[in-house]
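Asker: In our numbering, the protein residues as written are 2 to 495.
Note that the Cβ used here is the ideal one computed from N, Cα and C, for glycine as well.
On a predicted model such as this, the values are computed, not experimentally measured, just so you know.
Given below as structure tokens:
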């Protein structure tokens, strides 16, 4: 911005300061008026020039004239003498002193247009200076991109050029880097967020309430480009890192890797004591985009699924989330952004993640296998294993007693039995297929890929081993509840 002192210092204009204002005001524009009240047309920072045509030398309305300009926060008042008044009226000088508005004299040889041109030149020079400064800042940022500049260094450079406090936010909203005053500014000022990747997971946060100049915006844009380039440049390493996290998460979900082993991947991250396994399902493209999403912190605990939906075009994946309302909702929101349905498993200790996974797996059948493929737009579906099966949940709350009773009902089909594991799993899969087919043996056999006679033989064997008959309603109920209790609780897992 051009300042009043710069204008007054120009010798060719012959301007004389009569009354100083508050500091050295910045000039944003020039306006000539003979109106008494121009305030509703002003935005602040204007230099107002007048010859006082509408008011006499002793008119008390000079005070109203200055008061309205003071409210509009003008930069200064320039009074042209020798046209309507030989000197600046004393009431005007007194009002300018009262309201602390700068007042200067424009001599008769100097036309108003000369003052306007001088201000325009000052503004143009200032804009060129700001543009050069912004260009230099952009060049420093872009050249730093080739030198592997850290995010903190990029933020510091942008902050120095714009006067704003900034931060780089991870996919979970955590601060990855920030300027020193960002935390305090965040509590009192508005925050603007700029997405640094296509998914909008990594964001640049800019604190501040005053509008940015075009030069300031160009510097922030350059900083966003450099940060984005840094993220994209790290994608190859990020892919390898994501694969390591996926293998670890898959092992925790399968019960083959201890949660404490996460220290190998990161000494700063730990699985929460209580977790929930969340299954996400949708088109293969949407699930792949969800898995590729940049992640930080606890959001890294995602994994592909060994089991996949039977419907062509659908895919399944898993995520471990902290057993808190905020963490689970955050995971569901991200899944919804990618148009994915979700099943939230029961809460479980981190070392029993398999329990939560099994409870979610058992509810996957509640998700539509056609809506993700054919409905658009649509609201993604959410199923919660511990809200949609109240009777089963009541039985699970019995703890070890429920697991013991389930084992007694299933007998050799129980997960903890001495029956050959391959044989046992085959019979359990048959049991599940028959129930999911509503007892219709044709569809059940088709699902299993076996002949109806083979299915008949397996059912006869199940009835013999468990002592329960599929023809008896009570026996059917006991078999299904026992099976679901084991699957949901993880009792007797191998």
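1) Determine the DSSP secondary structure at residue 226, reduced to helix, strand or coil.
2) Can you tell me the Cα-Cα spacing of residue 65 and residue 198, whole angstroms?
3) Who are the near neighbours of residue 229 in its chain, counting only those whose CB is closer than 7 Å to its CB and skipping five residues on each side?
4) Quick one: residues in its chain with C-beta nearer than 8 Å to the C-beta of residue 1, no 5 flanking neighbours on either side, listed in chain order?
5) Helix, strand or coil, according to DSSP, for residue 168 in the structure here?
6) Is it right to say residue 99 is buried, meaning 16 or more other beta carbons lie within 10 angstroms of its own, or is it exposed?
7) Quick check on residue 324: does DSSP put it in helix, strand or coil?
8) What's the C-alpha gap between residue 30 and residue 157?
9) Return the CA-CA distance between residue 345 and residue 213, expressed in angstroms with no decimal places.
10) Could you tell me whether the Cβ atoms of residue 206 and residue 177 are closer together than 8 Å?
11) Might you give, ordered along the chain, the residues of its own chain that have their beta carbon closer than 6 Å to the beta carbon of residue 539, omitting 5 neighbours on each side?
12) Let me check understanding here. Comparing Cα to Cα, which of 74, 89, 24 and 21 lies closest to residue 51?
13) From residue 417 to residue 352, what does the alpha carbon distance come to, in whole angstroms?
14) With which residues is residue 319 paired in a DSSP beta bridge?
15) Look up residue 214 in the DSSP assignment and say whether it is helix, strand or coil.
16) Would residue 535 pass as a contact of residue 321 if the rule is Cβ separation under 8 Å?
17) Residue 53 and residue 85: beta carbons closer than 8 Å?
18) The beta strand (DSSP E) with residue 163 in it runs from where to where?
19) Please state whether DSSP places residue 309 in a helix, a strand or coil.
20) Between residue 412 and the rest of its own chain, which residues show a CB-CB distance below 8 Å, the 5 nearest in sequence each way excluded?
21) Just to confirm before moving on: does the CB-CB distance between residue 274 and residue 350 stay below 8 Å?
22) Could you give the distance in angstroms between the alpha-carbon of residue 449 and the alpha-carbon of residue 328?
23) Do residue 245 and residue 266 have their C-beta atoms within less than 8 Å of each other?
24) Helix, strand or coil for residue 470? Go by DSSP, reduced to three states.
25) Are the CB atoms of residue 165 and residue 224 nearer to each other than 8 Å?
26) Note down the Cα distance separating residue 355 from residue 160, rounded to an integer number of angstroms.
27) Have a look at residue 215 and residue 175 and give me their C-alpha separation to the nearest angstrom.
28) Between the beta-carbon of residue 303 and the beta-carbon of residue 247, is there less than 8 Å?
29) How would you write the range of the beta strand (DSSP E) that residue 366 sits in, first residue to last?
30) So residue 7 is in the alpha helix (DSSP H); what residue range does that whole segment cover?
31) Measure from the alpha carbon of residue 43 to the alpha carbon of each residue in 55, 57, 28 and 8, then state which is nearest.
32) Identify whether residue 386 lies in helix, strand or coil by the three-state DSSP scheme.
33) If we count the other Cβ atoms within 10 Å of its Cβ and call it buried at 16 or more, is residue 421 buried or exposed?
34) I'd like to check one pair, residue 429 with residue 414: are the Cβ atoms closer than 8 Å?
Answerer: Taking the structure as given:
1) The answer is helix: DSSP assigns residue 226 an H, G or I state.
2) Straight-line Cα distance between these residues: approximately 55 Å.
3) Counting only residues of its own chain and dropping the five nearest sequence neighbours on each side, residue 229 has a CB closer than 7 Å to the CB of 197 and 198.
4) Outside the displayed range of the chain (2 to 495) lies residue 1, so it cannot be described from this structure.
5) Strand, per DSSP.
6) A residue is called buried when at least 16 other Cβ atoms come within 10 angstroms of its Cβ; residue 99 does not meet this threshold and is exposed.
7) In the three-state scheme derived from DSSP, where H, G and I count as helix and E and B as strand, residue 324 is classed as coil.
8) Distance between the alpha carbons of residue 30 and residue 157 is about 32 Å.
9) For residue 345 and residue 213, the distance between alpha carbons rounds to 44 Å.
10) Their beta carbons are not under 8 Å apart, which means residue 206 does not touch residue 177 by this criterion.
11) Coverage of the chain is limited to positions 2 through 495, which leaves residue 539 absent and any answer about it impossible.
12) Comparing Cα positions, the closest option is 89.
13) Taking the straight line joining both Cα atoms gives about 19 Å.
14) Note: residue 319 sits in a beta bridge opposite 280 and 304.
15) Correct three-state label for residue 214: coil.
16) The structure shown does not extend to residue 535, since the chain is modelled only from 2 through 495, so no value can be given for it.
17) One thing to note: residue 53 has its Cβ within 8 Å of the Cβ of residue 85.
18) Judged by DSSP secondary structure, residue 163 falls outside any beta strand (DSSP E) and instead within the alpha helix (DSSP H) spanning 152-163.
19) Correct three-state label for residue 309: coil.
20) So the qualifying residues of the chain are 418, 466, 467 and 468.
21) Closer than 8 Å, so yes.
22) Distance between the alpha carbons of residue 449 and residue 328: 37 Å.
23) Taking 8 Å as the cut-off, the Cβ atoms of residue 245 and residue 266 count as close.
24) Collapsing the DSSP output to three states places residue 470 in coil.
25) Not closer than 8 Å, so no.
26) As the crow flies, the alpha-carbon of residue 355 is around 47 Å from that of residue 160.
27) Annotation: residue 215 to residue 175 spans about 29 Å, alpha carbon to alpha carbon.
28) Yes; because the gap between Cβ atoms is below 8 Å, this pair is in contact.
29) For residue 366, no beta strand (DSSP E) run applies, since DSSP gives it neither H nor E.
30) 5-9 is the extent of the alpha helix (DSSP H) around residue 7.
31) When C-alpha distances from residue 43 are compared across 55, 57, 28 and 8, the shortest belongs to 28.
32) Three-state result, residue 386: coil.
33) By the 10 Å Cβ count, residue 421 comes out exposed.
34) For residue 414 and residue 429, yes; Cβs fall inside 8 Å.
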